[in-house]
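Chemist: Going by my numbering, the sequence shown opens with residue 3, and the numbers climb by one from there.
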Amino acid sequence: MDTTSVNHLFTKLYEGINAASEALSVPAGELWRIYVTQAFVNGVTSAVICAVLSIGCYYLIKIAQNQVTRLEKEKEAGRGCADHEGIILGIVFSVIGAVALAIGALCSCVDAIKYLYNPEYYALERILAHL
3 MDTTSVNHLF
13 TKLYEGINAA
23 SEALSVPAGE
33 LWRIYVTQAF
43 VNGVTSAVIC
53 AVLSIGCYYL
63 IKIAQNQVTR
73 LEKEKEAGRG
83 CADHEGIILG
93 IVFSVIGAVA
103 LAIGALCSCV
113 DAIKYLYNPE
123 YYALERILAH
133 L
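This is the structure we're talking about:
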């Protein structure tokens, strides 16, 4: 990228920031601060969602473990497989739920890291989206 292209890009960015600040009746510096703060808030929100989903995943894994223990005790008692269908369904649905929550937690964690590590990038991205 040559110097002319970079200067043109910065000129467009400057014009975009000024146009957005005029449209919102907010000074350009204040608009930048608002967007950076919003990116930070998005990161914190994603971190909280990641924590909640992780806790849910943990409890579903614990439920599955308890169901497995219960199934082993019932097998030792000599009950047939037909008596265990509810326990087996509990294990299957707990594991499926735990996997779904783990995937959601991972995605939220990645978003949290991105927003918290570099909120200026996401502020710039939002400003450029308005051009």
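Where is the CB? At the ideal position from N, CA and C, for every residue including glycine.
Select from Glu24, Ile57, Thr13, Val46 the residue whose C-alpha is nearest the C-alpha of Val101.
Modeler: Minimum Cα distance to Val101 is reached at Ile57.
Chemist: Look at the Cβ atom of Leu62, then the Cβ atom of Ser96, and state whether they are nearer than 8 Å.
Modeler: Contact: yes.
Chemist: If you draw a straight line from the C-alpha of Cys111 to the C-alpha of His10, how long is it?
Modeler: Each residue's alpha carbon lies about 36 Å from the other.
Chemist: Taking the alpha helix (DSSP H) that Gly99 belongs to, which residues open and close that run?
Modeler: 87–119 is the extent of the alpha helix (DSSP H) around Gly99.
Chemist: Across the region 35–43 and the region 68–83, are there enough close Cβ pairs to call them in contact, namely three or more that are closer than 8 Å?
Modeler: Cβ pair count under 8 Å is below three, so no.
Chemist: Any idea if Ala79 is buried or exposed, counting beta-carbon neighbours within 10 angstroms, 16 or more meaning buried?
Modeler: Under this definition Ala79 is an exposed residue.
Chemist: Compute the distance between the beta-carbons of Ile129 and Tyr37, then report whether it is under 8 Å.
Modeler: Yes, these two residues count as a Cβ contact at 8 Å.
Chemist: On a Cα-Cα basis, can you pick out the residue from Leu33, Glu17, Tyr60 that is closest to Gly99?
Modeler: The candidate whose alpha carbon is nearest that of Gly99 is Tyr60.
Chemist: Could you name the residues of the same chain whose beta carbon sits closer than 7 Å to that of Ile51, not counting the 5 residues immediately before and after it, in chain order?
Modeler: Hits under 7 Å: Ser110.
Chemist: For Gly80, which of helix, strand or coil comes out of DSSP?
Modeler: The answer is coil: DSSP assigns Gly80 none of H, G, I, E or B.
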